[in-house]
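K.L.:
Before I ask anything, here is the structure I am working with.
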Amino acid sequence: MQSHALAIGWEFRKRHAWPLIAMGVYLLGLAVFRLVFYVPGEPITVVPPDGRAATVIAPLSWAFFYYLAVFSFGLSGDLGARQSIFPARMFSLPVRTAALVGWPMLYGTLTVGTLVLATTALARWPWGIEAPLFWPALFAATFLAWTQALMWMPYGLPVARPIVTVLWLAVLDAVVLLAAHFKVSEPVMLAILAPQIPIAYLVALYAVARARRGDVLDWRPRFMRAAAVVGTAPLRRVAFASPARAQFWFEWRRHGRTLPALVVMVLPFELALFWLARDAPALLLELLILVLLTPPLLASVIAATVSRANPMAPDSHAMSPFVAMRPLSSADLIAAKLRMALWSTVATWLVVLIAVTLVLQWSGTWPMVQQRVSRLVEIVEMPRTIVFTLLVLAALVAATWKQLVQSLCIGLSGRDWIARSVLVAVLVIIIFSGPVVQWIVDHDSARAMLWNSLPLILAVLVALKMLAAAWVAARLTRSGVLSDGALVSGAATWVAGVFALYGVLAWLVWGPLIPQYVLVLLAILGMPLARVAAAPLALSLNRHR
Amino acid sequence: MSASVSVSDPVISVIGLSRRFDAKTALDSVSLVLAPGAVYGLVGANGAGKTTLIKHILGLLRAESGSVRVFGLDPVADPVGVLSRIGYFSEENDLPGWMRVDELIRYQRAFYATWDDVYAEELRRSFALDARARVKTLSKGQKARMGLLVALAHRPELLLLDEPSSGLDPIVRRDILGAVIRTIADEGRTVLFSSHLLDEVEEVADHVTMISAGRIALSAPLAAIKESHGTLAKAFVAHVRSAAPLSTGP
Numbered sequence: 087m088q089s090h091a092l093a094i095g096w097e098f099r100k101r102h103a104w105p106l107i108a109m110g111v112y113l114l115g116l117a118v119f120r121l122v123f124y125v126p127g128e129p130i131t132v133v134p135p136d137g138r139a140a141t142v143i144a145p146l147s148w149a150f151f152y153y154l155a156v157f158s159f160g161l162s163g164d165l166g167a168r169q170s171i172f173p174a175r176m177f178s179l180p181v182r183t184a185a186l187v188g189w190p191m192l193y194g195t196l197t198v199g200t201l202v203l204a205t206t207a208l209a210r211w212p213w214g215i216e217a218p219l220f221w222p223a224l225f226a227a228t229f230l231a232w233t234q235a236l237m238w239m240p241y242g243l244p245v246a247r248p249i250v251t252v253l254w255l256a257v258l259d260a261v262v263l264l265a266a267h268f269k270v271s272e273p274v275m276l277a278i279l280a281p282q283i284p285i286a287y288l289v290a291l292y293a294v295a296r297a298r299r300g301d302v303l304d305w306r307p308r309f310m311r312a313a314a315v316v317g318t319a320p321l322r323r324v325a326f327a328s329p330a331r332a333q334f335w336f337e338w339r340r341h342g343r344t345l346p347a348l349v350v351m352v353l354p355f356e357l358a359l360f361w362l363a364r365d366a367p368a369l370l371l372e373l374l375i376l377v378l379l380t381p382p383l384l385a386s387v388i389a390a391t392v393s394r395a396n397p398m399a400p401d402s403h404a405m406s407p408f409v410a411m412r413p414l415s416s417a418d419l420i421a422a423k424l425r426m427a428l429w430s431t432v433a434t435w436l437v438v439l440i441a442v443t444l445v446l447q448w449s450g451t452w453p454m455v456q457q458r459v460s461r462l463v464e465i466v467e468m469p470r471t472i473v474f475t476l477l478v479l480a481a482l483v484a485a486t487w488k489q490l491v492q493s494l495c496i497g498l499s500g501r502d503w504i505a506r507s508v509l510v511a512v513l514v515i516i517i518f519s520g521p522v523v524q525w526i527v528d529h530d531s532a533r534a535m536l537w538n539s540l541p542l543i544l545a546v547l548v549a550l551k552m553l554a555a556a557w558v559a560a561r562l563t564r565s566g567v568l569s570d571g572a573l574v575s576g577a578a579t580w581v582a583g584v585f586a587l588y589g590v591l592a593w594l595v596w597g598p599l600i601p602q603y604v605l606v607l608l609a610i611l612g613m614p615l616a617r618v619a620a621a622p623l624a625l626s627l628n629r630h631r
Numbered sequence: 058m059s060a061s062v063s064v065s066d067p068v069i070s071v072i073g074l075s076r077r078f079d080a081k082t083a084l085d086s087v088s089l090v091l092a093p094g095a096v097y098g099l100v101g102a103n104g105a106g107k108t109t110l111i112k113h114i115l116g117l118l119r120a121e122s123g124s125v126r127v128f129g130l131d132p133v134a135d136p137v138g139v140l141s142r143i144g145y146f147s148e149e150n151d152l153p154g155w156m157r158v159d160e161l162i163r164y165q166r167a168f169y170a171t172w173d174d175v176y177a178e179e180l181r182r183s184f185a186l187d188a189r190a191r192v193k194t195l196s197k198g199q200k201a202r203m204g205l206l207v208a209l210a211h212r213p214e215l216l217l218l219d220e221p222s223s224g225l226d227p228i229v230r231r232d233i234l235g236a237v238i239r240t241i242a243d244e245g246r247t248v249l250f251s252s253h254l255l256d257e258v259e260e261v262a263d264h265v266t267m268i269s270a271g272r273i274a275l276s277a278p279l280a281a282i283k284e285s286h287g288t289l290a291k292a293f294v295a296h297v298r299s300a301a302p303l304s305t306g307p
């Protein structure tokens, strides 16, 4: 290694080159497919979105966010800490701060810029999709440079980093999207974006220079004094009533507040748009749907941190000895996580419901909602409207909780290959589901075939789910992770849940179009089973390796 | 090679324990029986297999072959029964940095029926730990003292110390040795003390087990070792340094 530039580059390449290579091969494959096999039909459009675009957008988005995390050192840093997440080990290198900042920024901006440039070039030729060539690549590079600068900055308060970063990037995003919406020409877009990279570099240089000399502001004493004045200073705490309570507190402090906090950060931007929809009922409906889908979507994003085996060591898949050494059974450790996820979900939805109600009132859009509800009451009558509304709400709350806990069995297993395999499988499903859905939408015969085969498809899915549950139950019994009594009571609770859900569905949905057995199948599929049951097994495998 | 102490009701009983990590053998047919009420020193070079053995005793590693029993229980099958009676402190010391000292004490006490509040407070004061300080802001020595506090305050029947004084200053090392001595003073309690610092082990151990390349090289009362070799260091050179290392642990 002849220079520090090569050494820094080697570190990134050694650990993180494979997604770039995979993405390159994939793009090449798509180009070959277009040239050799694809028969031109309807042109693929991005606005309105075309399902076939998912073949590129899904892997590109994943690769972009992956490299965002890699080049900002976000994979190994504590995002909530006041200190810079720039690796402290690099501060002692005999290298100027300008080089410490410059090389990762150069490598990062070049990587994501090239990635996006290659994708847009491929979209233009051979696919023939009308897409701007240069500014998306420059936008990606700018986005990364600002992420690096703001992530490397030391802050005066804990948790200030994600808030400042998200807010600033949202502003940057909004400006660029507005410019794109008003069809600003490519040279103007380049002129808006190009100066931002040097500015971000200067901010990053200032941030790392401060971090390197240990200059970290601490504003906490001011806030603690203020808290003491208004009487909210820390109280003397009572002892925990049981180990389970203590473990729940541990999980809540580690992960419970993340989802509500994230929703509080995102919600104001979404709710602000309600004022734009005062005379547009269709837009208001879309915005309401967006707001109500925000908790489950964000839950799916933070699920990876909830299911991380060792939150204290982001690089490690093995369980933290501190947690593994708790004198609690693996089932009790999981129970604490499930309870934490439940309370986190409840807190999040309380925030959402209160905020939406208030904003509907303040923005003057409440009458439009009332009007839509009245129309629904006219069609299905009041009791069904109430049950339908409650059911939708319950489904959204359940979906949020499910998103938080369903990947526990993957993350807690502590096996890197399992996490990677699932990631690849999910990406493949997303990539292929887009074109398949688009094909079904475009073809009446396909839609009819799908509708006719729905019972069979549901039955196959139920069979797979029950097979997986039986395998998990057998492993749980054999390993002794759950007692027979716990297994039986868990199964009984699940069956009761399925019957309750079926009862509600049967009362709500009537008519000859949907047979009753389809509702039973839907109820079985809707009730979480195999993945949640596998979580104690995964944790036990990791705890006793 | 195996070693044993003849006892009717051992605290730890390891029989024919072997463990491999990929192609490397970390433990090779290790047998060890520890009677209650004594201090056992586990000595070996870095990577000899000390930590791997202790992790098996804690149930953090599952025995590939052989068996491990602690208080007569399998630590993998019954983690609650075993871990609630053990105090553990290691050089890794992965205490959650986000907790405050008083929060960590409050959290720990929930898990142990035998937690002694008075003793915990006495240790906190003697170690000069600020109750409101976050663990991540403590110095390395303070973190070690914090780890020691949570390992000792429930007056465990078995205290496991894995390289406890690695990289610590003499004052903290003195605290750790003091803790070992205090634990012995509680009648019937057992200490397993792993270290590569022979002088520390010599200071407190009743019985010494030397481990080399995943095998027990020597296991005997300290007095007997001193009688036959003069010093622990000479015994170490004779039994351990001559053995080529087989492997390193995780």
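Order-wise, the sequence lines are chains A and B.
Take any residue in the first sequence, note its place counting from 1, add 86, and you have its number in the working numbering.
Take any residue in the second sequence, note its place counting from 1, add 57, and you have its number in the working numbering.
Virtual Cβ for every residue (Gly too), placed ideally from N, Cα, C.
Model, not experiment: these values are computed from the prediction.
Going by the DSSP bridge assignment, what does residue 527 of chain A pair with across the sheet?
P.N.:
Here the question's residue 527 of chain A lines up with position 441 in the first sequence. DSSP, once it has assigned bridges, lists no residue as partnering residue 527 of chain A.
K.L.:
Going by the CB atoms, is the gap between residue 568 of chain A and residue 562 of chain A shorter than 7 Å?
P.N.:
Taking the first residue of the first sequence as position 1, residue 562 of chain A is located at position 476. Taking the first residue of the first sequence as position 1, residue 568 of chain A is located at position 482. Yes; because the gap between Cβ atoms is below 7 Å, this pair is in contact.
K.L.:
Taking residue 407 of chain A as the query, report the chain B residues whose CB atoms sit under 7 Å from its CB, ordered along the chain.
P.N.:
As a position in the first sequence, residue 407 of chain A is number 321, starting the count at 1. Going along chain B in sequence order, the residues near residue 407 of chain A (Cβ under 7 Å) are 117, 149, 151.
K.L.:
Looking at the structure shown, is residue 449 of chain A part of a helix, part of a strand, or coil, going by DSSP?
P.N.:
Locating residue 449 of chain A in the first sequence gives position 363, where the first residue counts as 1. Helix.
K.L.:
Of all Cβ atoms in chain A, is any one closer than 7 Å to the Cβ of residue 176 of chain B?
P.N.:
Position 119 of the second sequence, counted from the start, is the residue given in the question as residue 176 of chain B. Judged by the 7 Å Cβ criterion, residue 176 of chain B is not in contact with chain A.
K.L.:
Check whether the region 587-596 of chain A touches the region 67-75 of chain B, counting contact only when three or more Cβ pairs, one atom from each stretch, lie closer than 8 Å.
P.N.:
no
K.L.:
Should the region 381-393 of chain A be regarded as contacting the region 453-473 of chain A, the criterion being three or more beta carbon pairs within less than 8 Å?
P.N.:
no
K.L.:
Rounding to the nearest angstrom, what Cα-Cα distance links residue 336 of chain A and residue 325 of chain A in this structure?
P.N.:
Mapped onto the first sequence, residue 336 of chain A falls at position 250. Mapped onto the first sequence, residue 325 of chain A falls at position 239. Going from the Cα of residue 336 of chain A to the Cα of residue 325 of chain A covers about 13 Å.
K.L.:
Apart from the five residues on each side of it in sequence, which residues of its chain come closer than 7 Å, Cβ to Cβ, to residue 487 of chain A?
P.N.:
By one-based count along the first sequence, residue 487 of chain A stands at place 401. Result list for residue 487 of chain A: 427, 428, 431, in chain order.
K.L.:
Counting only runs that start and end within the region 158-227 of chain B, where is the beta strand (DSSP E) found for 3 or more residues in a row?
P.N.:
215-219
K.L.:
Distance check for residue 139 of chain B and residue 102 of chain A, CA to CA, integer angstroms please.
P.N.:
For the purposes of this step, residue 102 of chain A is taken as the residue at position 16 of the first sequence. For the purposes of this step, residue 139 of chain B is taken as the residue at position 82 of the second sequence. About 42 Å.
K.L.:
What residue range does the alpha helix (DSSP H) around residue 267 of chain B cover?
P.N.:
Sequence index remark: in the second sequence, residue 267 of chain B carries index 210 (1-based). Run containing residue 267 of chain B: none in the alpha helix (DSSP H); it sits in the beta strand (DSSP E), 264-269.
K.L.:
Skipping 5 residues on each side, what residues in its chain have a beta carbon closer than 6 Å to that of residue 435 of chain A?
P.N.:
For the purposes of this step, residue 435 of chain A is taken as the residue at position 349 of the first sequence. If we look at residue 435 of chain A and ignore the five residues flanking it on each side, its Cβ neighbours are 483.
K.L.:
Distance, Cα to Cα, residue 617 of chain A vs residue 341 of chain A?
P.N.:
As a first step, residue 617 of chain A is located in the first sequence; it is residue number 531 there, counting from the start. As a first step, residue 341 of chain A is located in the first sequence; it is residue number 255 there, counting from the start. Distance between the alpha carbons of residue 617 of chain A and residue 341 of chain A: 20 Å.
K.L.:
Would you list the residues sitting across from residue 247 of chain B in a DSSP beta bridge?
P.N.:
By one-based count along the second sequence, residue 247 of chain B stands at place 190. Answer is B/215, bridged to residue 247 of chain B.
K.L.:
Quick check on residue 485 of chain A: buried or exposed, where buried means 16 or more other Cβ atoms within 10 Å of its Cβ?
P.N.:
Position 399 of the first sequence, counted from the first residue, corresponds to residue 485 of chain A. Residue 485 of chain A comes out buried.
K.L.:
Taking residue 495 of chain A as the reference, give the member of A/555, A/457, A/309, A/442 with the closest Cα.
P.N.:
Translated into positions along the first sequence, residue 495 of chain A becomes position 409. For residue 495 of chain A, the nearest C-alpha among the options comes from A/555.
K.L.:
Looking at residue 544 of chain A: is its Cβ nearer than 7 Å to the Cβ of residue 441 of chain A?
P.N.:
The residue given as residue 544 of chain A occupies position 458 in the first sequence. The residue given as residue 441 of chain A occupies position 355 in the first sequence. At least 7 Å separates the beta-carbon of residue 544 of chain A from that of residue 441 of chain A.
K.L.:
Please determine, among A/167, A/598, A/489, the residue with the shortest C-alpha to C-alpha distance to residue 613 of chain A.
P.N.:
Mapped onto the first sequence, residue 613 of chain A falls at position 527. Among A/167, A/598, A/489, the Cα nearest to that of residue 613 of chain A is on A/489.
K.L.:
Could you have a look at residue 81 of chain B and say whether DSSP puts it in helix, strand or coil?
P.N.:
Taking the second sequence and counting its residues from 1, the one referred to as residue 81 of chain B is at position 24. Three-state DSSP puts residue 81 of chain B in a strand.
K.L.:
Over what stretch of residues does the alpha helix (DSSP H) that includes residue 95 of chain A continue unbroken?
P.N.:
The residue labelled residue 95 of chain A in the question sits at position 9 within the first sequence. Where residue 95 of chain A is concerned, the enclosing alpha helix (DSSP H) stretches over 90-102.
K.L.:
What residues in its chain sit with their C-beta under 7 Å from that of residue 258 of chain B, if we drop five residues either side in the sequence?
P.N.:
Stepping through the second sequence from its first residue, residue 258 of chain B is reached at position 201. Excluding positions up to five away in sequence, the list reads 98, 100, 250, 252, 265, 289.
K.L.:
For residue 176 of chain B and residue 205 of chain B, I'd like the C-alpha separation in whole angstroms.
P.N.:
Taking the second sequence and counting its residues from 1, the one referred to as residue 176 of chain B is at position 119. Taking the second sequence and counting its residues from 1, the one referred to as residue 205 of chain B is at position 148. A direct Cα-to-Cα measurement between residue 176 of chain B and residue 205 of chain B gives close to 12 Å.
K.L.:
Could you please give me the residues that DSSP links to residue 98 of chain B through a beta bridge?
P.N.:
Within the second sequence, residue 98 of chain B is the residue found at index 41, counting from 1. DSSP lists B/250, B/265 as the bridge partner or partners of residue 98 of chain B.
K.L.:
According to DSSP, what are the bridge partners of residue 70 of chain B?
P.N.:
As a working note, residue 70 of chain B is residue 13 in the second sequence. In the DSSP output, where bridge partners are listed per residue, residue 70 of chain B has B/90, B/126.
K.L.:
Could you compute how far the alpha carbon of residue 505 of chain A sits from the alpha carbon of residue 225 of chain A?
P.N.:
Along the first sequence, one-based indexing puts residue 505 of chain A at 419. Along the first sequence, one-based indexing puts residue 225 of chain A at 139. Rounded to whole angstroms, the gap between the alpha carbons of residue 505 of chain A and residue 225 of chain A is 30 Å.
K.L.:
Please classify residue 136 of chain B as buried or exposed, where buried requires at least 16 neighbouring CB atoms within 10 angstroms.
P.N.:
Counting from one through the second sequence, the residue named residue 136 of chain B turns up at place 79. So residue 136 of chain B ends up on the buried side.
K.L.:
Taking the alpha carbon of residue 278 of chain B as the point to measure from, which residue in B/95, B/85, B/78 has its own alpha carbon closest?
P.N.:
On the second sequence, position 221 is the one that residue 278 of chain B refers to. Among B/95, B/85, B/78, the Cα nearest to that of residue 278 of chain B belongs to B/95.
K.L.:
Which residues in the same chain have their Cβ closer than 6 Å to the Cβ of residue 367 of chain A, if we skip the five residues on either side of it in sequence?
P.N.:
Translated into the one-based positions of the first sequence, residue 367 of chain A becomes position 281. Counting only Cβ-Cβ distances below 6 Å, and skipping sequence neighbours, we find 454.
K.L.:
Under 7 Å, do residue 233 of chain A and residue 147 of chain A count as touching if we go by C-beta distance?
P.N.:
On the first sequence, position 147 is the one that residue 233 of chain A refers to. On the first sequence, position 61 is the one that residue 147 of chain A refers to. The answer is no: Cβ separation not under 7 Å.
K.L.:
Relative to the C-alpha of residue 227 of chain A, which candidate in A/328, A/199, A/244, A/610 has its C-alpha closest?
P.N.:
In the first sequence, counting from the first residue as 1, residue 227 of chain A sits at position 141. Answer by Cα proximity: A/199.
K.L.:
Considering just the uninterrupted stretch of the alpha helix (DSSP H) at residue 136 of chain B, what are its terminal residues?
P.N.:
Working through the second sequence from its first residue, we reach residue 136 of chain B at position 79. Where residue 136 of chain B is concerned, the enclosing alpha helix (DSSP H) stretches over 136-140.
K.L.:
Using a Cβ-Cβ cut-off of 6 Å (strictly less than) and excluding sequence neighbours within five positions of residue 361 of chain A, which residues of its own chain qualify?
P.N.:
Counted from its first residue, the first sequence places residue 361 of chain A at position 275. Here the set comprises 449.
K.L.:
Between residue 273 of chain B and residue 115 of chain B, how many whole angstroms is the CB-CB distance? I'm expecting something under 8 Å.
P.N.:
Sequence index remark: in the second sequence, residue 273 of chain B carries index 216 (1-based). Sequence index remark: in the second sequence, residue 115 of chain B carries index 58 (1-based). Actually they are not in contact, since the Cβ atoms of residue 273 of chain B and residue 115 of chain B sit about 19 Å apart, beyond 8 Å.
K.L.:
If we count the other Cβ atoms within 10 Å of its Cβ and call it buried at 16 or more, is residue 319 of chain A buried or exposed?
P.N.:
The residue you call residue 319 of chain A lines up with position 233 of the first sequence. Model confidence at residue 319 of chain A stands at a pLDDT of 48, short of 50, so the residue's coordinates are unreliable; what they give is reported in the following sentence. Classification for residue 319 of chain A: exposed.
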